[in-house]
Amino acid sequence: MTQCQKCQQQWKWHHVLKRTVKLTPAIICPYCQHEQYWHERTARINQKLLVISFSPALLGIVGFISAEEVFFTTIALGIVSILLSPFYYETSATPTRAAKSWLNK
Ligand SMILES: [Zn+2]
13 MTQCQKCQQQ WKWHHVLKRT VKLTPAIICP YCQHEQYWHE RTARINQKLL VISFSPALLG
73 IVGFISAEEV FFTTIALGIV SILLSPFYYE TSATPTRAAK SWLNK
């Protein structure tokens with residue numbers, strides 16, 4: 013589960029989920045209000061889960077599964093990855109390269 017880099021408190025599932033929907037790179041600890049960022053590993057796992065979530069579309073394109081199966085499987089995989097996200101999200105005291113470029117805009 014996600015842990016604050018400053019106060020070492022473990023965040024609750026809903027704390028993480030609430031912070032994943034924010035579009036700003038900086039996230040605030042719910043306990044000490046310290047600003048931190050999502051870890052590079054989190055971004056890499058998110059990219060892999062995005063590919064997995066849309067993999068049914070590839071099966072649909074080549075004709076292995078129907079359009080309805082593509083739709084519902086993609087939705088189900090997306091929901092599962094969102095619900096599991098608080099278990100693999102990690103924080104970092106320093107911003108990632110992507111966050112740095114966002115902050116410099
Ligand atoms: Zn904290």
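So the mapping is simple: my numbering equals the position in the sequence shown, first residue as 1, plus 12. Even glycine gets a Cβ: it sits at the ideal position worked out from N, Cα and C. As the structure is a computational prediction, the values presented were derived from the model and not from experiment.
- Residue burial annotation: residue 53 is exposed, with fewer than 16 other C-beta atoms found within 10 angstroms of its C-beta.
- Here the distance from the Cβ of residue 43 to the nearest heavy atom of ligand 1 is below 7 Å.
- As the crow flies, the alpha-carbon of residue 23 is around 42 Å from that of residue 74.
- Taking the Cβ of residue 26 as the reference point, every heavy atom of ligand 1 lies at 7 Å or farther away.
- With fewer than 16 other CB atoms across the displayed protein chains lying within 10 angstroms of its CB, residue 113 is exposed.
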